[in-house]
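Position one of the sequence shown corresponds to residue 1 (this note's numbering), numbered consecutively onward.
Here is the structure we will look at, set down as structure tokens.
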Amino acid sequence: VKKLELEHASEMKARAHLEEELKSVNTQLNRERELVFNLQSDLEQSMSEKDAIQDDFVDLQGTHLHLENRLEQVAHDRSHLRTQIDDMHDSIAALEADKDS
Numbered sequence: 001v002k003k004l005e006l007e008h009a010s011e012m013k014a015r016a017h018l019e020e021e022l023k024s025v026n027t028q029l030n031r032e033r034e035l036v037f038n039l040q041s042d043l044e045q046s047m048s049e050k051d052a053i054q055d056d057f058v059d060l061q062g063t064h065l066h067l068e069n070r071l072e073q074v075a076h077d078r079s080h081l082r083t084q085i086d087d088m089h090d091s092i093a094a095l096e097a098d099k100d101s
């Protein structure tokens, strides 16, 4: 009987020890789950920020193209105005030449 009581007590201690280890493992598992959740949240936020940056980049490319086109238009307009000014100078010179003759 004593031997059975000792074996039972030993088994109870072993079981209590295993239960403590299981609690420790569960605690660690919960910490790791929380870390995984936080990492997933950070990843989702980073992906959203990446998408926003890509959208901004596409917008900037569109703005850049628009400004390049506008610059070409301004250069064309300037050239056209330069031609008109030169034509006016020629007309004035011709009028002055006719006036003097």
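For each residue, glycine too, the CB sits at the ideal point set by N, CA and C.
From residue i to residue j, what distance separates their C-alpha atoms?
| i | j | result |
| --- | --- | --- |
| residue 89 | residue 70 | 28 Å |
| residue 99 | residue 81 | 26 Å |
| residue 5 | residue 12 | 10 Å |
| residue 86 | residue 67 | 28 Å |
| residue 31 | residue 41 | 15 Å |
| residue 95 | residue 60 | 51 Å |
Counting only the same chain and skipping the five closest in sequence on each side, list residues whose C-beta sits under 7 Å from that of residue i.
| i | result |
| --- | --- |
| residue 24 | none |
Please confirm whether residue i has its beta-carbon closer than 7 Å to some beta-carbon of chain B.
| i | result |
| --- | --- |
| residue 61 | In the structure shown, chain B cannot be found, because there is only a single protein chain. |
Going by beta carbon distance, what residues of the same chain come within less than 8 Å of residue i, once the five residues before and after it are set aside?
| i | result |
| --- | --- |
| residue 7 | none |
| residue 38 | none |
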